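Student:
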Amino acid sequence: MPMIRPSSEDDMLAVTAIYAHHVRHGSGSFEIEPPSLQDMLARRAEVLGRGLPWLVLEDSGKVIGYAYCNWFRPRPAYRFAAENSIYLADGVQGLGLGRALLSELLARAEQAGMRKMIAVIGDTANSSSIGLHLSLGFTHIGTLVATGWKFGRWLDTVLMEKKLGWGDQLPPGNTGV
């Protein structure tokens with residue numbers, strides 16, 4: 003039975019391989035060359051250093067997916083709005099694993115104090131990612147047309163958002179009780 007848990011450094015080789023596949027073969031990431039293990043370790047350290055979740059999905063001892071969130075933008079005023087990333091190993095899509103993983107990420111991001119989750123989805127043809135986010139209550143807020151060039155074609159960027167917890171109804175740190 004697949005299990006979602008916090009990532010460890012030991013997971014990052016598998017995470018790097020999963021992401022490399024998507025960089026090389028998919029339009030969901032606008033990276034052209036897969037990042038190195040050291041790059042991915044640094045990205046994870048930044049996320050964890052901000053007190054945000056980086057999760058893995060494990061099945062029979064093998065990492066088959068991961069999800070994390072980081073500040074939407076690097077400036078400190080954005081520290082309550084996070085952008086999510088979620089990737090599954092090739093061959094395990096369509097089994098509900100992405101939904102479980104993103105659901106857990108949303109819950110942990112809210113526990114970490116995030117008030118909004120933003121999805122920045124590469125390619126309007128990425129119907130599985132768009133559908134996953136819609137199924138979890140994200141709303142479409144816009145499309146940036148022809149923002150990326152990959153695989154010999156222009157790709158759009160789909161923007162979606164979801165309020166977490168009190169959203170913008172109360173100041174940060176206020177729980178409403």
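If you want this note's numbering, it's the 1-based position in the sequence shown plus 2. Here a beta-carbon is modelled for each residue, glycine too, at the ideal position from N, C-alpha and C. No experiment lies behind these values; they were computed from the predicted model shown.
Under a three-way DSSP split, which group does Pro-78 fall into?
Tutor: In this structure, Pro-78 counts as helix in the three-state DSSP scheme.
Student: Within the continuous alpha helix (DSSP H) that includes Ala-69, where are the two ends?
Tutor: Run containing Ala-69: none in the alpha helix (DSSP H); it sits in the beta strand (DSSP E), 64-73.
Student: How big is the Cα-Cα spacing for Leu-134 and Leu-39?
Tutor: Between Leu-134 and Leu-39, the C-alpha separation is close to 27 Å.
Student: Starting from the C-beta of Ala-127, find all residues in its chain whose C-beta is less than 8 Å away, skip the five residues before and the five after it, and write them out in chain order.
Tutor: For Ala-127, where only same-chain residues beyond five positions count, the Cβ hits under 8 Å are Ser-29.
Student: Just to confirm my understanding: we take Lys-64, look at its own chain, exclude 5 residues before and 5 after, and list those with CB closer than 6 Å. What are they?
Tutor: Contacts found: none.
Student: Is the beta carbon of Arg-26 closer than 9 Å to that of Pro-37?
Tutor: Cβ distance not < 9 Å, so Pro-37 and Arg-26 don't count as in contact.
Student: To test your reading of the DSSP string, which unbroken beta strand (DSSP E) runs of 3 or more residues are found completely within the stretch 7-69?
Tutor: For the stretch 7-69, whole beta strand (DSSP E) runs of length 3 or above, ordered along the chain, are 56-61.
Student: Between which two residues does the alpha helix (DSSP H) carrying Gly-100 extend?
Tutor: Gly-100 -> alpha helix (DSSP H) spans 99-113.
Student: Among Arg-81, Leu-90 and Ala-121, which one has its Cα closest to the Cα of Val-58?
Tutor: The candidate whose alpha carbon is nearest that of Val-58 is Leu-90.
Student: For Pro-76, which option in Glu-11, Ala-84 and Leu-97 has the closest C-alpha, if you only look at C-alpha atoms?
Tutor: Considering only alpha carbons, the answer is Ala-84.
Student: Excluding the 5 residues flanking Ile-143 on each side, which residues of the same chain have their C-beta closer than 7 Å to its C-beta?
Tutor: These residues qualify, in order along the chain: Leu-161, Met-162 and Glu-163.
Student: Any heavy atom of the ligand ATP closer than 8 Å to the CB of Gly-98?
Tutor: Annotation note on the ligand ATP: not contained in the displayed structure, which lists no ligands.
Student: Can you tell me whether Leu-146 is helix, strand or coil according to DSSP?
Tutor: In this structure, Leu-146 counts as strand in the three-state DSSP scheme.
Student: With DSSP collapsed to three states, give me the class of Gly-96.
Tutor: The answer is coil: DSSP assigns Gly-96 none of H, G, I, E or B.
Student: State whether the stretch 7-24 contacts the stretch 41-51, with contact taken as three or more CB pairs (one from each stretch) at a distance under 8 Å.
Tutor: Yes, they touch.
Student: Are Ile-20 and Tyr-70 close, meaning C-beta to C-beta below 9 Å?
Tutor: Taking 9 Å as the Cβ cut-off, Ile-20 and Tyr-70 do not qualify as a contacting pair.
Student: Would you decide whether Gly-100 is buried or exposed? Buried here means 16 or more other CB atoms lie within 10 Å of its CB.
Tutor: Label assigned to Gly-100: buried.
Student: With distances taken between CB atoms, is the gap from Leu-1 to Ala-114 smaller than 9 Å?
Tutor: The structure shown does not extend to residue 1, since the chain spans only 3 to 179, so no value can be given for it.
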